[in-house]
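Protein chains in written order, with UniProt numbering: chain L, 1 to 302; chain U, 1 to 254. Ideal Cβ positions, reconstructed from N, Cα and C, are used throughout, including at glycine.
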Amino acid sequence: MKTAISITDLNYSYPDGTKALDNVNIEIEQGEKIVIMGPNGAGKTTLFLHLNGVIRAEQDNVKIFGNNIGSMKTEDRIREVGVVFAEPDDQLFMSTVYDDIAFGPLNMGLSEEEVDRRVKKALATVGLEGFEDKVPHHMSFGQKKKAALAAVLSMEPRVLVLDEPTANLDPKSRADLIRVINDLNKNHGITTVIAMHDINALSELADRVYVLNRSIVAEGPTRDIFSDHVLVKENNLDAPDIFKFFKIMKCFGGDCDQTPMSIDESVKELTQAIEALEGKMSLHIHESTHEMVNDVISSYRH
Amino acid sequence: MKYPEIDKYAELDSLIHRFDPRAKIITFTILIFSFVFIEDIRIAFVSLLFSSFILLVSRIPFGFIFDRMKPGLIFVMPFLIVMPFALDGNVLYSYNGISISYDGLYYGSLVVIRAATSIMLTLIMLGTTKMDTTMKSLHSLKVPSPFVQTLMFSYRYIFVFIDEFFSMWTSMKAKGFKVKANKHSLSIIGNLVGMILVRSYERAERVYHSMASKGYTGESRTIVKFKMQTADYGLAAILIGTVLIFIIYGMSLS
Ligand SMILES: Nc1ncnc2c1ncn2[C@@H]1O[C@H](COP(=O)(O)OP(=O)(O)O)[C@@H](O)[C@H]1O
Ligand SMILES: [Mg+2]
């Protein structure tokens, strides 16, 4: 396995003195799915601006596939890392969708045929076939969000970075986008790094989670992070409802091997647990049930 | 929401719509500059009629163009009102020492007619081509890139800007704000304008970040595919020829 992103001791303060990043260390393998969580103002966007060299670190703190991002040529840099920012209107700055998606590839110096091929492919990937001549102000928020993703996919980067990809989307658009991101990771080997608050999408989009709050507060598999309720609370986070529900079920004697993080996982875990009990799981109230339930609920309440 | 969408009718089909966008820009620019220098009010008037005829051919609704001509016309109207009083010359009418001069009225009307003609032609030019095509044509006509890019981004973000303005305006009204001619009201509006400026600045920064992360280095690169055809040369020749006739006739009059 190759290391895709390696960040060592990264510090950054904005010109007005706001310290946004404090000694950040991150190491991501090629093909991993990483989610970065943290409260508003934690420095997620600032970190992402470092990942493709928009903000240059003073030393060689940010390396992409072993190369220092600050000293890479523009064409190489955009071939390695593509960043999709949160606000689609900021990223669709050209007059038509076609021109926006062609923007990156043209800057890479590709031929017109190749640019055309990439635009068509990127549009097909996000499910916006036929949108070439659309102007952004005639599109819905969900469509703009997909177009903004396509405008990065057309550069065919090896690492895809997304800042709050599911925020403000309707459930259908949200599901579409999650599917696209997952497909890129699973079937095209693209390393994905995502900042989001959408805890219910976590199990699908993350192998591993970093909790960022100016510095990296915690790192680990999703389930471990959410089992630590002190950590969750201190960083304005929350655990998925299904996770909390299974914690509560445990108080009633319904124990699973691992606390599921998503609906899909819950089916698997429940089946396993019930099969292990010879086809029947019984829930009951005993002396300390109420106390235990209250403990679970209060441990995650803000 | 009422957007200043100038290319709303760009998808219609007409002789003017089919005109090659670069040839269109050059021809209309020549037309506009020639008409602006016409000195004879009769010929200026005929050129206005001629422009209206082009508008008719373009099939864009008159009301649409007229709506968008209004701001420009309101801007030059003062000439028509002030010049008759300000300019010396043959007195048409006099009252209590205030006199209206024939020359003033003549030049005032000339300014307004010329302005109407050039605004109308500009709107037809912009209205019969999709905005992105116009921008690409300017680019391929070697208009300096910073100028084209500024135009392009202004046009792109004016819509975002309008949405932002109205969402703030709506939220102010939802909190009971009414525009009144007092200091409080003015200071609130001043605040709103300030907010919009700050937001635009921040947005410009974010847009720049997203451009930089796509490898932008200041050059604009777009794919342009235009092909001039005989019909385009023909139409350009007819329009410019007509203008020449106007000008030559005008010179023979003076
Ligand atoms: N352009 C800027 N100038 C000054 N401070 C900024 C700027 N952008 C962000 N900040 C500050 O840096 C910190 C991190 O912001 P950001 O990276 O946007 O956080 P997040 O994306 O996690 O919400 C915040 O305290 C924010 O106020
Ligand atoms: Mg952010």
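Tell me whether residue i is buried or exposed, calling it buried when 16 or more other Cβ atoms sit within 10 Å of its Cβ.
i: I242 of chain L; result: buried
i: N204 of chain U; result: Reading off the sequence, residue 204 of chain U comes out as Ala, not Asn. Classification of A204 of chain U: exposed, given that the 10 Å Cβ count is below 16.
i: Y201 of chain U; result: exposed
i: I81 of chain U; result: exposed
i: M155 of chain L; result: buried
i: V198 of chain U; result: exposed
i: F131 of chain L; result: buried
i: F246 of chain U; result: buried
i: V97 of chain L; result: buried
i: K73 of chain L; result: exposed
i: E11 of chain U; result: exposed
i: R156 of chain U; result: buried
Taking C-beta pairs closer than 7 angstroms, name the residues in chain A that residue i reaches, listed in chain order.
i: D163 of chain L; result: Judged by its chain identifiers, the structure shown contains no chain A, and its protein chains are L and U.
In the DSSP output, which residue or residues are listed as bridge partners for residue i?
i: M37 of chain L; result: L:V211
i: G220 of chain L; result: L:V209
i: I28 of chain L; result: L:I5
i: D163 of chain L; result: L:A195
i: N67 of chain L; result: L:I64
i: V91 of chain U; result: U:S101
i: Y216 of chain U; result: Note: Y216 of chain U sits in no beta bridge, so no partner.
i: K19 of chain L; result: L:S13
i: V143 of chain U; result: BP columns for V143 of chain U are empty, so no partner.
i: G104 of chain L; result: Bridge partners of G104 of chain L: none, in fact.
i: G82 of chain L; result: L:L160
Would residue i pass as an interface residue toward chain U - the criterion being a Cβ-Cβ separation below 7 angstroms?
i: E132 of chain L; result: no
i: G279 of chain L; result: no
i: E156 of chain L; result: no
i: N107 of chain L; result: yes
i: D99 of chain L; result: yes
i: residue 303 of chain L; result: The shown model of chain L, from 1 to 302, leaves out residue 303 of chain L, and the question about it has no answer.
i: F245 of chain L; result: no
i: G220 of chain L; result: no
i: S95 of chain L; result: yes
i: F226 of chain L; result: no
i: F141 of chain L; result: no
i: F103 of chain L; result: yes
i: H197 of chain L; result: no
i: H284 of chain L; result: no
i: H229 of chain L; result: no
i: H138 of chain L; result: no
Determine, for residue i, whether the minimum Cβ-Cβ distance to residues of chain L falls below 7 angstroms.
i: F159 of chain U; result: yes
i: D88 of chain U; result: no
i: M131 of chain U; result: yes
Tell me which residues share the same chain as residue i and place their Cβ nearer than 6 angstroms to its Cβ, disregarding the 5 neighbours each side in the sequence.
i: I190 of chain L; result: L160, L184
i: D60 of chain L; result: N68
i: V293 of chain L; result: I248, C251
i: F79 of chain U; result: G108, V111
Below 7 angstroms CB to CB, which residues in the same chain sit around residue i once its five sequence neighbours on both sides are set aside?
i: L48 of chain U; result: I113, A116, T117
i: G72 of chain U; result: A115, I119
i: L106 of chain L; result: V115
i: G31 of chain L; result: G189, T191
i: G104 of chain U; result: M83, P84, F85, A86, L87, G89
i: Y210 of chain L; result: I26, I34, I36, I216, E219
i: S95 of chain L; result: V135
i: V81 of chain L; result: L51, N52, I64, P157, V159, V161
i: E129 of chain L; result: L123
Output needed for residue i: all residues of its chain with C-beta closer than 8 angstroms, excluding positions within five of it in sequence on either side, in chain order.
i: A273 of chain L; result: G254, D255, C256, D257, M281
i: L126 of chain U; result: I6, D7, T134
With 7 angstroms as the limit, tell me which residues of the region 216 to 227 of chain U have their beta carbon closer than that to any beta carbon of chain L; keep them in chain order. Y216, T217, R221, T222, I223
Given a limit of 8 angstroms on CB to CB distance, which residues of the region 200 to 213 of chain U reach chain L? R203, R206, V207, H209, S210, M211, A212, S213
Closer than 7 angstroms between beta carbons: that is the criterion. Which residues of the region 31 to 61 of chain L meet it against chain U? L49, N52, V54
Between the region 70 to 90 of chain L and chain U, which residues of the former have a C-beta closer than 7 angstroms to a C-beta of the latter? T74, E75, I78, V83, F85, E87, D89, D90
Along the region 135 to 157 of chain U, what residues have a CB closer than 9 angstroms to any CB found in chain L? M135, K136, M152, F153, Y155, R156, Y157
Quick check on the contact list: which residues have their beta carbon closer than 6 angstroms to a heavy atom of ligand 3? The ligand content of the structure shown is limited to ligand 1 and ligand 2, which means ligand 3 is not among them.
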